[in-house]
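Engineer: Below are the structure tokens for one structure; questions will follow.
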Amino acid sequence: MNSLSYCTLSYRNADYLSFIAFSPFKQHLFQLDFTKCLFGDKFLKGTEEMLDLNAELYALPKEELTEYAYNPPISLFRYKPLGYHKIGKTGDRVELYGISRDDITGVSEPLPNPICIERSRPKLRNYIEQANEVVSIILGHLEKHLKLPRGTFSKLQPMTKPSGSVLRMLKYEPQPPDDRRTAMMGHTDITALTLLFSTTGGLQILNDDADPHLESSWAHIKPRPSTCIINLGDAMVEWTGGILRSAMHRVTSAPGEQAFTTRYVVGYFARPAGDSLMKRLAPPEYPSSLVPPVEDEEDSGNDMNARDWEWHKLSSVKAGNLGGSLGGRFFEPKRDLKELFPVSIDAA
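Counting in the working numbering, the sequence shown runs from -6 upward without gaps.
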């Protein structure tokens, strides 16, 4: 997997993300190194604090955590218990707690949370603002490569507007040696961009054009110190008509000795504002854009707002219907970019 330097990225090197924006058939997922810059040092320190909060949160009794249960697709905020989602005929092996960005930043009314989260609101807000700065810089580079007006993506997901953006804290317990299997089902993210820090391995991505039902089709992503994983989400696929791709990924038992260690994850999931439209950012509305317009033989395109689009996708996931993303190909004017990559993960 490619690793980029945040320090270099933040200086607006125009060519730094070109291989990600326009590399055909490649996973649009990379690692971002935060060393050698002041912002990076602060962000890494904040990440350590979030991982400590993660461990403190899951040290609480399960009875207390279940008082804050989430309810998809209505809401993905707060606590998802172990086994809530099915992988084949068995439950998943991950707990997660979603902290609403709108709640922490004051865009929405506050939600009740466990006391450890409530007393950490100032730290959470600072961390979310830092994470969103990282998101903005990456999306700014992608705007350049797609020849979109500066600020196009930021206008679709401002921090001042209600959205489903969430800071998630996840916990994966070590699995029994004689019963190691997929802990989180294969999926793509419904975000614009995802930032992911983890304490151990276990994350896998589906190889290009591979059969998801074969174990050999999945490749482990080795975590590196002081880096996070950046994944482009399904919103980018919609907006770019398939030029960009959201990587299919899952979580399984970590390889080697890591398998005996609890895996803690902190992830920032940046989503569009609820009222933002999910239509392509294409001509004639964006005259210079490289995003292909909808062709006559294609569907009319996505005219939903982000709120309805997310509801639709989450309802499908809850029903057990998983789909991969479009995209990851060079733009060719006469080519149909609406190639769907359907997949149903069954790890039973």
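Built from N, CA and C at the ideal position, the CB exists for glycine as well. The structure displayed is predicted, hence computed values, not measured ones.
1) Using the DSSP secondary-structure output, state which residues sit across from residue 88 in a beta bridge.
2) For residue 17 and residue 167, what's the separation of their Cα atoms in angstroms?
3) If we ignore side chains and look at the alpha-carbon of each, how far apart do residue 37 and residue 114 end up?
4) Based on Cα-Cα distance, which residue from 233, 123, 271 and 47 lies nearest to residue 306?
5) Find out if the Cβ-Cβ distance for the pair residue 194, residue 214 is shorter than 9 Å.
6) Considering only the alpha carbon of each residue, which of 210, 150, 85 and 211 lies closest to residue 129?
7) Would you say the beta carbon of residue 0 comes nearer than 8 Å to a heavy atom of the ligand NAD?
8) Please determine, among 176, 180 and 132, the residue with the shortest C-alpha to C-alpha distance to residue 84.
9) With which residues is residue 26 paired in a DSSP beta bridge?
10) Please confirm whether residue 224 and residue 254 have their CB atoms less than 9 Å apart.
11) Going by the CB atoms, is the gap between residue 264 and residue 231 shorter than 9 Å?
12) Considering only the alpha carbon of each residue, which of 93, 127 and 126 lies closest to residue 111?
13) Identify, in the order they occur along the chain, each residue of the same chain with its Cβ nearer than 8 Å to the Cβ of residue 170, setting aside the five sequence neighbours on each side.
14) Just to confirm my understanding: we take residue -1, look at its own chain, exclude 5 residues before and 5 after, and list those with CB closer than 6 Å. What are they?
15) What are the residues that DSSP puts in a beta bridge with residue 83?
16) So, for residue 40: in the same chain, excluding its five sequence neighbours on each side, which residues have a beta-carbon less than 7 Å away from its beta-carbon?
17) Starting from residue 179 and walking both ways along the beta strand (DSSP E), at which residues does that stretch end?
18) In the DSSP assignment, find the unbroken alpha helix (DSSP H) run with residue 39 in it and report its ends.
19) With DSSP as the reference, label residue 198 as helix, strand or coil.
20) Grab the span of the alpha helix (DSSP H) containing residue 62 for me, first residue to last.
21) Taking C-alpha atoms, which residue in 97, 241 and 172 lies nearest to residue 70?
22) Can you give the Cα-Cα distance for residue 144 and residue 22, rounded to whole angstroms?
23) Below 8 Å on the Cβ atoms is my guess for residue 377 versus residue 164; work out the distance and round it to an integer in Å.
24) How is residue 146 classed by DSSP in three states: helix, strand or coil?
Structural biologist: Let's see:
1) DSSP lists 164 as partners of residue 88.
2) At residue 17 the pLDDT is 42, less than 50, meaning the model places this residue with poor confidence; the figure from the coordinates comes in the next sentence. Rounded to the nearest whole angstrom, the C-alpha separation of residue 17 and residue 167 is 36 Å.
3) Rounded to the nearest angstrom, the two C-alpha atoms are 18 Å apart.
4) The shortest C-alpha separation from residue 306 is found at 271.
5) The answer is yes: Cβ separation under 9 Å.
6) Comparing Cα positions, the closest option is 150.
7) Ligands in the displayed structure: none, and consequently the ligand NAD is not present.
8) For residue 84, the nearest C-alpha among the options comes from 176.
9) Answer is -2 and 220.
10) Annotated as distal: residue 224 and residue 254, with beta-carbon spacing of 9 Å or more.
11) For residue 231 and residue 264, no; Cβs fall outside 9 Å.
12) Taking only the C-alpha atoms, the option nearest residue 111 is 93.
13) Same-chain partners within the cutoff: 252.
14) The beta carbon of residue -1 is closer than 6 Å to those of 25, 27 and 33 in its chain, skipping five residues each way along the sequence.
15) Under the DSSP definition of a beta bridge, residue 83 partners with 80.
16) Cβ neighbours of residue 40 beyond the five flanking positions: 190 and 259.
17) Residues 177 to 180.
18) Where residue 39 is concerned, the enclosing alpha helix (DSSP H) stretches over 31 to 51.
19) Residue 198 falls in the strand class under three-state DSSP.
20) Per DSSP, residue 62 belongs to no alpha helix (DSSP H) and is neither H nor E.
21) Closest in alpha carbon position to residue 70, among 97, 241 and 172, is 97.
22) Their Cα atoms are separated by approximately 22 Å.
23) The structure shown does not extend to residue 377, since the chain is modelled only from -6 through 341, so no value can be given for it.
24) Looking at residue 146 - three-state DSSP - the assignment turns out to be helix.
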